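Participant:
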Amino acid sequence: MAETRTALVTGANKGIGYEIAAGLGALGHRVGVGARDDARREEAVARLRAAGVDAVGVPLDVTDDASVAAAAELLADRFGRLDALVNNAGITGGMDQRPTTVDLDVVRTVVETNVLGVIRVTNAMLPLLRRSPSPRIVNVSSGVGSLTRQSGPDGELTTGPVAVAYSPSKTFLNAVTVQYVRELAGTGILVNLACPGYVATDLNGFRGVRTPQQGAATPIRLATLPDGGPTGGFFEDAGTVPW
Ligand SMILES: NC(=O)c1ccc[n+]([C@@H]2O[C@H](COP(=O)([O-])OP(=O)(O)OC[C@H]3O[C@@H](n4cnc5c(N)ncnc54)[C@H](OP(=O)(O)O)[C@@H]3O)[C@@H](O)[C@H]2O)c1
């Protein structure tokens, strides 16, 4: 019988991350519910377990070296390996983010979470991923990180308002991901980027037009790709997102 697959989802206590955890759980994964706040994490784990998911709470602040190292140790103990890592945790840094007036601390904080957090978590989890026969890494990006869309005639329509911290943080994440793809080529680790679409969550004051379940679909698909599946792609439900 095939072994149970295991996954870690960062920022899994709410929004799209919660639904990625729920969806992977429904597909039979043991799911590490990465979340920084104890109460929010425990509440999410309880809801997931009530829905039949084999959920394990993983204290995890992606901006904190010690927290990430402890999360890797906990997963080594509980799972022994990791089959899928979904780097979902992210922040906008709030609006207004006009480049001419932005507070540089906002840019730093957003990059620390959305970019350096992904590198920190990925590197800590790689030894566990390397123990999997079919490891997958999914970085949750956004169409607002697409330079093609940002600079196109419909930029305002497809990528929202000018935002010098959040949007470039996703472009940076895309570029970082391409470097992982290059280094990990030939290892069997498939690394892809997912855009969930415009989803109603706390992140945007619930102005998004899609449900968190809909937003979770592409990340779940990429976390469960068959061997020989794509790597180095930037995907949304409708296909690929231009760089
Ligand atoms: N919603 C959209 O329309 C949309 C569109 C494109 C891309 N995305 C991306 O989708 C991902 C999920 O966003 P969402 O819409 O589901 O937003 P959300 O509901 O605000 O959820 C964000 C999650 O990230 C967690 N998080 C933030 N900073 C963290 C840190 N330092 N360490 C650990 N966890 C942290 C939050 O935890 P707390 O509860 O503790 O804050 C929360 O669980 C993000 O990467 C976002 O950029 C969203």
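Numbering (my numbering), first residue to last: 2 to 244. Heads up, the beta-carbon is just placed ideally off N, CA and C, and yes, glycines get one too. All of these numbers come straight from a predicted model, not from anything done at the bench.
Whose C-alpha, out of Gln98, Ala56, Ile21, Thr110, is nearest the C-alpha of Ala65?
Facilitator: Inspection of the sequence shows that residue 65 is occupied by Asp rather than by Ala. It is Thr110 whose Cα lies nearest to the Cα of Asp65.
Participant: Measuring only from the beta carbon, is Ile17 closer than 7 Å to any heavy atom that is part of ligand 1?
Facilitator: Indeed, a heavy atom of ligand 1 lies less than 7 Å from the Cβ.
Participant: Helix, strand or coil for Glu43? Go by DSSP, reduced to three states.
Facilitator: Of the three classes helix, strand and coil, the one that applies to Glu43 here is helix, per DSSP.
Participant: Compute the Euclidean distance between the alpha carbons of Tyr199 and Val145, then round it to the nearest angstrom.
Facilitator: Cα to Cα, Tyr199 sits roughly 10 Å from Val145.
Participant: Run through the DSSP bridge pairs and tell me what Ala77 is partnered with.
Facilitator: Its beta-bridge partners do not exist; DSSP assigns none.
Participant: Grab me the residues of Ala73's own chain with a C-beta within less than 7 Å of its C-beta, minus the 5 sequence neighbours each way, in chain order.
Facilitator: Within the same chain, Ala73 has close Cβ partners Ala125, Met126, Leu129.
Participant: Does ligand 1 have a heavy atom nearer than 7 Å to the CB of Asn118?
Facilitator: Before going on, a small fix: residue 118 reads as Gly here, not Asn. At least one heavy atom of ligand 1 is nearer than 7 Å to the Cβ of Gly118, so yes.
Participant: Is it buried or exposed for Arg208, if we count other Cβ within 10 angstroms and need 16 for buried?
Facilitator: By the 10 Å Cβ count, Arg208 comes out exposed.
Participant: Confirm, please, whether the CB-CB distance from Leu83 to Leu9 is below 8 Å.
Facilitator: Yes, the pair counts as a contact, with Cβ atoms nearer than the cut-off.
Participant: How about Arg41: is its Cβ closer than 7 Å to a heavy atom in ligand 1?
Facilitator: Indeed, a heavy atom of ligand 1 lies less than 7 Å from the Cβ.
Participant: Going by CA-CA distance only, name the one from Arg41, Thr159, Glu4 that's closest to Val210.
Facilitator: Measuring from the Cα of Val210, the nearest candidate turns out to be Thr159.
Participant: Pull up the distance between the alpha-carbon of Val54 and that of Thr102, whole angstroms please.
Facilitator: Approximately 45 Å, taken between the alpha carbons.
Participant: Do Gly16 and Gly35 have their C-beta atoms within less than 8 Å of each other?
Facilitator: Not in contact: Gly16 and Gly35 (Cβ atoms no closer than 8 Å).
Participant: Could you compute how far the alpha carbon of Val59 sits from the alpha carbon of Leu76?
Facilitator: Approximately 8 Å between the Cα atoms of the pair.
Participant: Three Cβ pairs or more, each shorter than 8 Å: is that satisfied between the region 140 to 156 and the region 232 to 244?
Facilitator: The answer is yes - the region 232 to 244 touches the region 140 to 156, with three or more Cβ pairs under 8 Å.
Participant: For Arg183 and Phe173, what's the separation of their Cα atoms in angstroms?
Facilitator: Those two C-alpha atoms are separated by around 16 Å.
Participant: Measure the C-alpha to C-alpha separation of Val107 and Glu4 and round it to an integer number of angstroms.
Facilitator: The alpha-carbon atoms of Val107 and Glu4 are separated by roughly 43 Å.
Participant: Looking at the structure shown, is Asn14 part of a helix, part of a strand, or coil, going by DSSP?
Facilitator: If DSSP states are grouped into helix, strand and coil, Asn14 belongs with coil.
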